[in-house]
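Below is one structure; the comments refer to it alone.
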Amino acid sequence: MVVVRGALVLSLVALLLGLSAGPATAQGPKPTIVLVHGAFADSSGWRDVAANLRSEGYPVQTFDNPLRSPAYDSGQLEKQLATISGPIVLVGHSYGGFVITNTHDPDVRANVYIAAFAPASGEFVQGLLNPITYPGSRLLPPALQLKLVENDPTGIGGRNIDGYIARPYFRDIFAQDVSPAVAADMFAHQKSAALVANLEPSGAPSWATVPSWYLISTQDRVIPPALQRFMSSRAAPGRTAAVDASHASLVSRPADVTAIVLAAATAVQR
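Residues -26 to -1, 1 to 244 in mature numbering (1 follows the signal peptide of the UniProt record, and there is no 0) are what the sequence shown lists, from first letter to last.
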């Protein structure tokens, strides 16, 4: 388990993001940090990040993302947020960024995008992953496979078509910078995502009114780094950092992910 020490990390990140590197103690209450996983993963990927944040005294929750569609998933997230008292910081990885973008709760004080989609209104996953404009994603057949999902109330007739990453390709595409054993564990926790989640357009983006931060993964083979830079320039201008990591930076570089979450959490306490 990787544990970071808040004062030093906050100072470094504050300098990087142009924030005031004040003392770790703050005037306002510590926000609850809600961690939202993306497609082809589950909440277990946040294990080290969550432990780091709790060690700094922050209440942390994870969200079991259904991965059905932006509207449905954000609606389920809003139900969970309604049970939380006080300020909230939302953290989304990958497709989880689509979900937090479409979540509008008055208690959310900041969004943090970790190698994530940060769409504008009307944009959708497959459209953003345009290989002509932003080449580099390896999330294509035969690595990307389809399967029929039964008993899905969000699908037509209780059925849906989901996508997932096939075992031989998982580590190379999703998490090339973790050990084979860790990648195998991540594959075992993989959740498939409904195809409609890739095609449903985003609604009005929460980042237009909520201060947002973004951590780019420069070795990402799922969301091309150039696309991440474009989205972060709109959603998190002046609050963007980069890490030399795969798409799964929350697993391979939890200290860096923790640092930018702490920067956002500290800022909203002022």
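Cβ coordinates follow ideal geometry from the N, Cα and C atoms, glycine included.
Pick from the options that is closest to residue i, judged by C-alpha positions
{"i": "Asp16", "options": "Arg195, Ala167, Val196, Val184", "result": "Ala167"}
{"i": "Pro61", "options": "Asn134, Lys4, Val217", "result": "Lys4"}
{"i": "Ala219", "options": "Asp81, Asp151, Gly96", "result": "Asp151"}
{"i": "Leu55", "options": "Arg83, Phe72, Arg28", "result": "Arg83"}
{"i": "Pro80", "options": "Ala210, Ser180, Ala237", "result": "Ser180"}
Inter-residue spacing [alpha-carbon to alpha-carbon] between residue i and residue j
{"i": "Gly137", "j": "Leu41", "result": "10 Å"}
{"i": "Gln164", "j": "Pro33", "result": "26 Å"}
{"i": "Arg244", "j": "Leu169", "result": "41 Å"}
{"i": "Thr192", "j": "Asp22", "result": "21 Å"}
{"i": "Ser129", "j": "Leu122", "result": "First, the residue type needs correcting, since residue 129 is Gly and not Ser in the sequence shown. Going by the C-alpha atoms only, they are around 11 Å apart."}
{"i": "Gly212", "j": "Gly131", "result": "46 Å"}
{"i": "Ala(-6)", "j": "Arg28", "result": "The predicted position of Ala(-6) is uncertain, since its pLDDT is 41 and thus under 50; a value taken from the coordinates is nonetheless stated next. When rounded, the distance between both Cα atoms is 21 Å."}
{"i": "Ser59", "j": "Pro116", "result": "45 Å"}
{"i": "Val(-18)", "j": "Ile234", "result": "Annotation note: pLDDT 46 at Val(-18) (below 50); position unreliable, coordinate value reported separately. The alpha-carbon atoms of Val(-18) and Ile234 are separated by roughly 9 Å."}
{"i": "Ala157", "j": "Val184", "result": "34 Å"}
{"i": "Ala149", "j": "Arg195", "result": "9 Å"}
{"i": "Leu189", "j": "Val65", "result": "11 Å"}
Pair within 7 Å by beta-carbon distance, residue i and residue j
{"i": "Val217", "j": "Arg203", "result": "no"}
{"i": "Asp146", "j": "Asn134", "result": "no"}
{"i": "Ser95", "j": "Ser176", "result": "yes"}
{"i": "Ala209", "j": "Ala92", "result": "yes"}
{"i": "Ile106", "j": "Val231", "result": "no"}
{"i": "Ala238", "j": "Val10", "result": "no"}
{"i": "Leu224", "j": "His67", "result": "yes"}
{"i": "Ala13", "j": "Tyr69", "result": "yes"}
Endpoints, the beta strand (DSSP E) within which residue i is located
{"i": "Gln35", "result": "34 to 37"}
{"i": "Arg83", "result": "82 to 88"}
{"i": "Asp136", "result": "134 to 139"}
{"i": "residue 246", "result": "What is shown of the chain runs -26 to 244, which leaves residue 246 out entirely."}
Terminal residues of the alpha helix (DSSP H) in which residue i lies
{"i": "Ser29", "result": "21 to 29"}
{"i": "Val123", "result": "Val123 -> not in any alpha helix (DSSP H); beta strand (DSSP E) instead, spanning 118 to 123."}
{"i": "Thr240", "result": "228 to 242"}
{"i": "Ile74", "result": "70 to 75"}
Heavy atom of the ligand GDP within 6 Å of residue i beta-carbon
{"i": "Asp126", "result": "With respect to small molecules bound, the structure shown includes none, and the ligand GDP cannot be examined in it."}
Does the contact criterion of 3 or more C-beta pairs under 8 Å hold for the region 108 to 122 versus the region 51 to 60? Output reads no: the region 51 to 60 does not touch the region 108 to 122.
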